[in-house]
Every structure is written in structure tokens, then in C-alpha cells.
Amino acid sequence: MDIEASQAEAAVKITKSFPLTDECSPYKAMVADRKAKQGPLFLWWMACHAWVRDNVYVIHALWALYRAYIKCAEFDEDLNKANELGLTCVKMMQSLLECMMLQAEKVEMFKKYQRPVDALHAKYSVSTKGQVCGDTEWGHLQIDATSLFLLTLAQITASGLQVVRNFDEVAFIQNLVYYIETGYRTPDFGIWERGDKTNQGIRELNASSIGMVKAALQAMNDVGDLFGDGSRRSAIHVLPDEIEQCSAVLSSMLPRESFSKETDAALLTIISYPGFAVEDAELVERTRDTITSKLLGKYGCRRFLRDGYRTALEDPYRLYYNKSELQQFENIECEWPLFLCFLMLDAMYNKNLEEAEDYWQRLESVIVSSGKGFRLIPELYKVEREHVAGEKSERGSQPRVSDGATPYLWAQSLYVICCLLYEGFLTPAELDPLSRRMSSQEKRPPCEVQVTILAQTKEVQRELLANGITVQCVDEIDPVFTILPASSLAEIHARIGQSKKLNLSGRPLDRDVGLLSTSRLYQIGNKFVIFTPQNGLSDFSNISLNRFMKSTVLGTIKKINTGYLGGARVVMRNLSDFFRTTPVSKLEFNDSAWEFPSGELEAKNQFSLLSDAGNYEKNGFSVARRTIPIRRGDSIKGRSSYNLVHKVSMQLRSIGLGSNDNGSSPAAGSTPENNTSHLRSMLKTNAINTDLDSVGPDHDVSVNGQNVTVRTLMEEVYTKSCEFRLWALIRLAAGLLRKNLDELGKAVTHLLVRQKQITVGMPSKKEEAITSPKTNEELKAIMHRAYSNDPNAFTLSQEIIISLGSLVRTEPKLFVEMFRLRIGLIIQVLASELVRIRNLSAADAAENLMTISPFELKSMLFSLLSGRLLEEYVYDGDAPKETRTGIGSFRRHIEERKSMRKSMRKIDGDGRTDSPTPASDADDEELSEDDFQFGIWLRHRRIDGALNRVPNNFYATLWDTVNRLPQGIRINDTILHWGLTQEMTRREMKFALEVEQVVEALWLLGRLDRVVQCDEPKIPTDRPLDIDFVLRKANDIFVQHNREMGTIVLECCGSGNICDGARGICRHLYDSAPAGEYGTSHYFIKAMIEMFT
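In our numbering, the protein residues as written are 87 to 1179.
1. For asparagine 1034, count the other beta carbons within 10 Å of its own beta carbon; 16 or more makes it buried, fewer makes it exposed. Which is it?
2. Rounded to whole angstroms, what is the Cα-Cα separation between methionine 1174 and isoleucine 1113?
3. If you reduce the DSSP assignment to three classes, tell me which class methionine 658 lands in.
4. How many Å lie between asparagine 430 and alanine 150 at the Cα?
5. Just to confirm my understanding: we take leucine 506, look at its own chain, exclude 5 residues before and 5 after, and list those with CB closer than 6 Å. What are they?
6. Mind checking whether valine 599 and alanine 572 have CB atoms under 7 Å apart?
7. Using a Cβ-Cβ cut-off of 6 Å (strictly less than) and excluding sequence neighbours within five positions of methionine 1070, which residues of its own chain qualify?
8. Put cysteine 427 into one of helix, strand or coil per three-state DSSP.
9. List the endpoints of the continuous alpha helix (DSSP H) containing phenylalanine 253.
10. So the candidates are Cys134, Gly225, Leu239; which of them puts its Cα closest to the Cα of serine 213?
11. Thinking C-alpha only, which one of Asp1059, Asn1058, Ala257, His1063 is nearest threonine 1047?
12. Grouping DSSP H, G and I as helix and E and B as strand, with all else coil, what is valine 82?
13. In the DSSP output, what is threonine 795 paired with across the bridge?
14. Buried or exposed, going by whether 16 or more other CB atoms sit within 10 Å of the CB of histidine 1168?
15. By Cβ distance below 6 Å, which residues in the same chain neighbour tyrosine 467 in space, the five residues on each side in sequence not counted?
16. What are the boundary residues of the alpha helix (DSSP H) that threonine 845 is part of?
17. Output yes or no for whether 7 Å exceeds the beta carbon distance between serine 295 and isoleucine 229.
18. So what's glutamate 1176 in DSSP terms, helix, strand or just coil?
19. Using beta-carbon positions only, say whether leucine 838 and leucine 865 come within less than 7 Å of one another.
20. Quick check on histidine 579: does DSSP put it in helix, strand or coil?
21. Just to confirm, are serine 939 and tryptophan 1045 a CB contact at a threshold of 7 Å?
22. Count the CB pairs spanning the segment 898-911 and the segment 920-932 that are closer than 8 Å, and state whether there are at least three.
23. Where isoleucine 1184 and leucine 950 are concerned, what is the direct C-alpha to C-alpha distance, given to the nearest angstrom?
24. For alanine 475, count neighbouring Cβ atoms within 10 angstroms of its own Cβ and tell me buried if that reaches 16, exposed if not.
25. Buried or exposed: tyrosine 199, going by 16 or more other Cβ atoms within 10 Å of its Cβ?
26. Identify, in the order they occur along the chain, each residue of the same chain with its Cβ nearer than 8 Å to the Cβ of serine 521, setting aside the five sequence neighbours on each side.
27. Would you decide whether tyrosine 403 is buried or exposed? Buried here means 16 or more other CB atoms lie within 10 Å of its CB.
28. Using a Cβ-Cβ cutoff of less than 6 Å, which residues in the same chain neighbour aspartate 282 once the five nearest sequence positions on both sides are dropped?
29. Out of curiosity, what's the CA-to-CA distance linking phenylalanine 1170 and aspartate 1157?
30. Just the Cα atoms here: how many angstroms apart are tryptophan 137 and asparagine 438?
31. Please classify aspartate 327: does DSSP put it in a helix, a strand, or coil?
32. Measuring alpha carbon to alpha carbon, tell me which of Glu465, Gln1053, Glu371, Asn1143 ends up nearest arginine 1109.
33. Out of Glu809, Gln792, Pro877, which has the shortest C-alpha to C-alpha gap to alanine 819?
34. Does the distance from the C-beta atom of valine 309 to that of glycine 269 stay below 7 Å?
35. Please state whether the Cβ-Cβ distance between glycine 891 and alanine 833 is less than 7 Å.
36. Per DSSP, which residues does serine 671 bridge with? Please list them.
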């Protein structure tokens, strides 16, 4: 009886708190007339406009009330209210769905092109459900709004309410999944609808949008079927790779919101209710702390720093801001009570009752009472004009007044939910039937990865067996399984979601099917289907021909066989052994005419990665690696012609060039060697009368009495070169043919979505930035402009970008504090490393760089990124071995040596080297293997300069310095002006990119680190801080100090002989440690003290 009484009392209290029938109640509108033809769509303060996002949050409030009434209903009256609320939720969701379905053609177009004009509209007409403004008249591309709708659909469906009514709606929901799944790489206008914070309509990648996409994809994947009848025919199919892409990008962005917003209160929607999109509890806490420390105030949270919306200083007649006026909004940004609701919900879900009570009290203090006594949440609180000066001088010191819509529908809806949770009518779990809240609260149990390796041919199977690896061949597997290529899975998804009535296709075929999707066991009809990874079946390219991967593949398989790989438990068995321990993904289709894919597993690569050089050598042919030197300076000008192409083509037709990738020398005097030498001489010749650029690729030449085009001959050269792994010739031919590698577009996207911009071309020449995802045609045009006269670099730069795109996915920590990757500088550094490790001239190093395999190239890049100095790769058989000097020991060197005393030789007055003393002998023994190497710091700085890698907090510290210098900082006659700090905030990524553009003037790499190491000086503010002057002054002090000490500097600058250091700076200063008694910072500080004291 007590329980029944308490339930009845709860129902009465809910009714009293949220009167749904009172004509004056703000909640009356929430129970709209379901019989109305247009359905219940709630308008905002702008007449007749219904925002998708606002309506979805109203649905959340009604759904919460429905759940509360169902929980405590005792009488029929309460049950009727609950049913009415539930039906209203369903009707509202259906109305929003109908609005979107009226724009089905936009969904179809957006899937293909991701153009803003094809985006679903962000708001609709209340009366007609149609559009209320044009495609370009509003920032409609708001992926978070569509994702929020799908997330809410999944949660409501999981609670027992059925929204979707037929298979056409199922198909449309499936297409909405395809619509948002590229959200991790699609810049949008964001949750605030105006793009970047200047309101210029510039779209950005927004973490809040990406997080909501991830939450929606996970929820749709978890909900099962939309009809609630257990049938898989109404299930929505989500590729796990798209979820993982969102997760990776989101982790790299948080707590940043976008390029222009260093953080945003909107992130609360994804780290907590309703998104719960971040599994990393530490990252969630860091993001929350960033928001509360930078944005939280007495009345709520600012949306983001320097937000001018509805402030007293905003020009109400102008939509866009000038960059220079953003600083005037600092400290007077409007505060939104909406985010107090989000913070309270976050505290409730985290069971932090003390914080929940604090935010509840804050909410109570900002509530506005209506004339009828109803408690309303206003849109925002603003500082009035007369209090602006006081608020600017001390934030939070002045009173604010409510402004905007009251009640604010979004905030009022969340307030309803807060009340229901605070009063105990609901528990947080009841508003999360999919248990999304547990993602960051519960540790996942350890799992094991099941791996099956299938040999494509008997030859491969025998070779693996010879290396101690036993695997099945494709034709030996149990007949219950069908093996298909990944392209067949792409074709299947191209059929899923088709609707003739709505003119909708399925998933676009040009989208990749990732490794996670092909790592599942599928049931299609009565067959169990396994799809091979798409990476192994990529289209033909010179990277796929990389035979140096052989040892890596074998080594990886052996590691898998041991049971552990990268710290994960791995089990390798035959396919049939995993059948009972592998979950099955069942694919069902509504199209009865659908046919099972008939494709067979085919090898699209012409060559197996496991094939050995001996396969070619047994035919009597052999060719040394690195035998086709192509000098960068010769390039295409004055060298490449159709005559050369013809000769090379005929030469390749007449001889067989074997592959000897292990680097062994060919037999002396062999015919292939002689032919190769002849081919090499032909490639080097400049006695060519007709240039390829002059005649064009379609120029006809006569070969054996037949006319063929230059392009045809060059294609033959390329194909033959690929077959025999002649990397220099491959790159030259590919560059002349302007071939784009298949993986280039994806690699560029992987880098860009992780906030790593790319520049191609050589410094100070035709360097061009890539700042947004591009089509293959656009990338080809950019590469052609950047490397129009250098076909070798045209191809090599693509390989570097592809390698960086791979590494940024697998080793994201290597790219911390790097925002722009300059490919031209990276090529220069790679060549300089070859100069060092192979003792070559600069020209020979450029030549050798073209001959290394893609595997070697990627290995070199990994070493540079990870902070290891490169040493020569020594090949013993097929196993690559690397000896290196660890750059990670630099700091240890600093501490152990305390500077240059142990890195320089003492010189006597006559310039002779002193005899070593017993103490110095002891020092040498102590340092042993880690002893100092001349040039180590110079190389380190060149690498960091090429990668634009800076220390943690460098840009924030530089912002602080520039902000105190009204005249800015002068760098090589370029001013880093104080005005930048007025346009951008301290940790804004746009500021970092602006600084890099200025620092790019210092393309002499040894100088970039000088700027990076500048401390924060207390200097006069009447003139710019001239970095060049600081460098020269520090150099003078360095040379004088070392002259007094009698160090090796006496051999050059110390005796008046200017050395080869950049811009007259002693090269030994460039090669000094950054810290310590004799470090570069020591001399910089001295220089600045002398300058400003």
C-alpha cells in the first residue's frame, strides 16, 4: 500500500510540476494536437520555423515525462497521460522524419558529393513541413542535428516505442546513416549554425558534430531492428570502420572544438548526455575541466571564447564579424543557462551528488518566473552596455540581464529532465536504455583477436611452410564458408537501403570497406561469407609492388603465431576452428530479386609480396638495386623525350631484368648487367632533340613500322619497371604520366581530419597548401602545379603523403604539436640524411633517394617522426636490421655532459689539439657508446624544422609574448603582429597556423629552432622584438665565450674565419644542446639581457 501511495503521490506531483493542460503553461505546447494534419512541430521565437535540434530536445523532455508517468502510474488517468505523451513522442519523431523524407533527393546527392547545398535543412515550416529558406540562405549543413535525431530514434525505439512504420522509412533511415557516416571528414556549420567564430560562413570540422555522429552510429548499430519484431529486415547496418574513424579523429581534437574554437560548451553534449561518445575517462575529464575553467560563469557557460552573439557591442545589423573586432567581446560573452542543465545531467550520470546540487542551485538562481508563476529558463544572460567596462576589467563582477527567447525551448526541455532526475521520479539509466553512459565508466574485459591466414596459391603456402608457418590454402577451407573480396561487400552495401519509391540508392560504391568490416563473419541467406581485407586487394600501384614488405609480413605472422601482438592477445588458427567462437552478422534484404554475389577471390596485384628474388634469378637475370640514378636537377627538362621513351621501351622488351631486392650485387660481366648499364646511359643522355613537354603525350612515333603514342610507350616503361622493381624508373615514368597513387586522397583526408595540414612543392618556389579534403582530380592538379618540372618529386611526394597518412592513424602520438607538414622540406631532410649515412654528395643523395623502396621510405619517415637519427639499413638476407643513435637520449646527453665541455675538443694556443688527460680518458670511458657526435643537434633541428614540430605549449607561450608586445616580433623582416592576439585566442589552432606561415620565411631549417627556443623576455614595448638581432647577438656571445675557452670554435668563427653556418651564424651554435650551462638558451638569455638592460 505504501508503494502504491507513493506512486500515486509521484504522479500527482509530476502533474503539478509540469501542467500539460493549463493554457498558460509553457508545457501545454509540448502536447500538440496529434490530429493536426501537419503533426506536432514546435516553433522557436522565429514564427513558423521549427528547428530540428530544438524539436528533438523537446522529444527528449516528453519521452522523460512518458517514462516517469509509466513508472508511477496507478490510475487510468495517469496511464492515459503516459500513453498520450508516448504517442506525442512518436508523432513528433515521425513528423521530423517526414520533413527529411521530403528532401530525399538531397540525401542522395549529399552521399555522393558532400556539398553544403545538398544538405538536409536545419529548420522546416511548421505548417507544410517544407523548407523555409533557400539552400544557400542558411547554414543548413549541421551534421550534429541529423545525428542527434538518429541517436534519439535509437534510444526511443529501445525503450519500446515504435517510430518507423514501413520499409521505405527503414531505407531512408539507412540512407541517413550513409549521410552522416562521413561526418568525421566533412566540415559543417556546427551546432551554432554559423561556421567558424568570425561568422564568415566558413565551415569547419567540429568535434561536437563528429562526436554526435559517432554516438548515432553506435546507437543505430546497437538498437537492433526498428520494428521491434526481432526481424533483421528492419535492422540498420553500420560499418564499424566509420565509428572507429570518428573515434580516432575525436580523440585527436578534444578538448578543442575546431580550428577557430579552442573549446566549446557544445562538447558537453558528446562527453555526457545525450551523446556519451567518448570512452576515454581521462579525456572526458580533461574536456569537462577545460570547459568549466574557461567558459563557466555565474549564469551558465559561454558558448566559446570571444563569442559576440547578442552582446552589447555586437552590431545587430551585420551578420559577420571583422577579425579585428573579436577581442572586444572578450569577458563579456553571453552566458547560457542551457549548459547548467547539461552540467547537472553530467553530474547526475556520474553520481556526483555534490556537484549536481551545486548546479541545481545555480539553475534555481537563473530561473525567470512568468506572470502565472511558471518557472522558465531564458536563452541567455548578457552584460548591459553600461557595465561592459567593469566586466572587461574583472570578469563576473557585473550583473547580467536575461535576453533572447524565454522560455528557450532547448533549455526548458533539459530543465524538465533535470527536475525529473533531481526529484527522483527517474533514474539516469531509465533515459539511456542502450546503456551508452557505461562506455567511459566500465572497463572492458580483455579480449582476444582471432586471426586466420589463407594462402592464395600453393606456392605461397609452400613458402610460408618453409618459414615455419602452417596455413590453409583458399581451396582447402570448409565448403560451408564462401570467400569473397571486399569489393563484394561494398556491392552488398550498395543494395542495402535502396528504395525505388524514394529514388534512393544504397551506400556509394566509391567508399572504402574497412578492415573492421571485413573482419566479421557474415550470414547471407544460407551461406557463411568471409571477405578478404580491401588493403590486400588494392588497385595496382608502385607501393603495392614493394617487395621489402616480405620480411615484415613474415615477421608479423610469426609474432601473431606466438599469441601476442602489440600487447594484445592474438590467436591464429584455421577458419573452421573459429566458427563456434565468432559472432555472425546476418544480412537480410527486402528485395526478393536480390542475387548472391558471384564474385570470386581474385588477386588484383600482379605480384605476391612473398615472392622471392630467386624467382627471377632462376631465369638467369639479375640487376643490382639502385642502378638507375635519376638526378633531380636533370628532371624532365632537356632530358625526357619520346626518343628516350622509345629506346627504353625497346630495351625493356629485349631483355629481362631480374629483381634483386636484397641488395646483393649481380654477377660481373653478365649480359643483363651490360644491358642495364646501357639502359642507365640512355636515361642519363641529354642528346635528345625533342622534349616530351614539347610534343605532348599523344605524339605519334613509329615503332617497327607502326605508329604508337608516347604515352603508350611510357606506360610500357612504367609497367615493366614495376615488374622488375626499378624504383627510380617507376617514379620517373609515373611522374611523366602524371599518375596519382590510389591511396593519395585517403591519406590526405586522414591527415587533414586530424588537423594536420599539408604543403607540397619546394620551399620558396611553388609551395601550395592543402587545407581541406580534395577530389582526386583536384589533388592531381595541385601536384602538377607544385611539381610541374620535376616528375620524380611528383611521385615521391605522393608516397611520403601516403606513408604519413598511414602513420597518423597507427601512431598518432608522433604528430603531437604538428599542424602543418611540409613535404618539400621533408624530401630535403631525407636527402640530407642520406648524405650523412652514406657519405654522398648532395646530388648523389638526391639520386639515391629516388632508388629506395617505398618500405625503406616509410621506415625512414617513421624514424624521423619518432625522434631517432637514421643509420644505414643493413640487409642480411631478407631481414632488415637497423642500427641507430636514439634521439631520445638527447636529454640524457644534456644532463650527463652539462653542455659543450664534453662535446668539444680543447685546442691549445697554436691551434693544436691537447693530449688527452687521464680525466678526459675517464670521461670517454664513461660516455662510451652514447658519446657525442658532431652534427647531432643540427640534424635534430633540421628534422624538427622540416616537420614543424615544436615543444608543448610553444604557441600558447608565444601568444603570451606577442600579446605583451604592441609592436610584435620581427622574424626575417616579417612581423608577427600584436593584432593576431586580438583576432585569435591563446590556444586557437588558427593562431598556430598563422605563426607557421610567418616562420616559413625561415626556410633555412637551422634557424627555426632558434625561434622555438626564445624565452619570455621582459622588454620595452616601443619596438618589435627582432629575432634576427637576438640570433646575431647570441652568436657573438657564443663565439667570444668559446674563444676564451679555447674550443674547436677557434678553427672557424673564433679566429675570424666565417664558417658555413646559415646567415653567418656559427655552425657550432646550431649544433649545441638547447639547455644547460653552455646551451643555446643560455646565450639567448644573455643576448636579451644585454639588449634590454
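Idealized CB from N, CA, C, for every residue including glycine.
Let's see:
1. Looking at its Cβ environment, which holds 16 or more other Cβ atoms inside 10 Å, asparagine 1034 is buried.
2. Taking the CA atoms as reference points, methionine 1174 sits about 10 Å from isoleucine 1113.
3. If DSSP states are grouped into helix, strand and coil, methionine 658 belongs with the strands.
4. Strictly speaking, residue 430 in this sequence is methionine, with asparagine absent from that position. Across the structure, methionine 430 and alanine 150 are spaced so that their CA atoms are roughly 16 Å apart.
5. Excluding sequence neighbours, leucine 506 sits near Ala150, Ala154, Leu512.
6. In this structure, valine 599 lies near alanine 572, with their beta-carbon atoms less than 7 Å apart.
7. The residues are Lys1076, Phe1077.
8. Correct three-state label for cysteine 427: helix.
9. Phenylalanine 253 -> alpha helix (DSSP H) spans 253-266.
10. The shortest C-alpha separation from serine 213 is found at Cys134.
11. Checked all of Asp1059, Asn1058, Ala257, His1063; the closest Cα to threonine 1047 is His1063.
12. The structure shown does not extend to residue 82, since the chain spans only 87 to 1179, so no value can be given for it.
13. Its beta-bridge partners are Asp786.
14. Buried: at least 16 other Cβ atoms inside 10 Å.
15. Excluding five sequence positions before and after tyrosine 467, the CB atoms of its chain that fall closer than 6 Å to its own CB belong to Tyr385, Glu421, Arg486, Ser488, given in chain order.
16. Premise fails: threonine 845 lies in the beta strand (DSSP E), 843-846, not in any alpha helix (DSSP H).
17. In contact: serine 295 and isoleucine 229 (Cβ atoms closer than 7 Å).
18. Reduced to three states, the DSSP call for glutamate 1176 is helix.
19. With contacts defined by Cβ atoms closer than 7 Å, leucine 838 and leucine 865 do not form a contacting pair.
20. Reduced to three states, the DSSP call for histidine 579 is helix.
21. Serine 939 is not a Cβ neighbour of tryptophan 1045, given a cutoff of 7 Å.
22. Contact fails: fewer than three Cβ-Cβ distances are below 8 Å.
23. For residue 1184 there is no data in the structure shown, the boundaries of the chain being 87 and 1179.
24. Here alanine 475 is exposed, its C-beta having fewer than 16 other C-beta atoms within 10 Å.
25. So tyrosine 199 ends up on the exposed side.
26. Contacts found: Ala515.
27. Burial call: exposed.
28. Counting only Cβ-Cβ distances below 6 Å, and skipping sequence neighbours, we find Ile288, Glu290, Ser346.
29. Phenylalanine 1170 and aspartate 1157: Cα-Cα distance of roughly 15 Å.
30. Distance from the CA of tryptophan 137 to the CA of asparagine 438, rounded to the nearest whole angstrom, comes to 33 Å.
31. Residue state for aspartate 327 is assigned as helix, using DSSP reduced to three classes.
32. If we check each option's Cα against that of arginine 1109, Gln1053 comes out closest.
33. For the residues Glu809, Gln792, Pro877, the minimum Cα distance to alanine 819 belongs to Pro877.
34. With respect to glycine 269, valine 309 sits apart: the two C-beta atoms are not nearer than 7 Å.
35. When the beta-carbon positions are compared, glycine 891 and alanine 833 come within less than 7 Å of each other.
36. Its beta-bridge partners are Tyr608.
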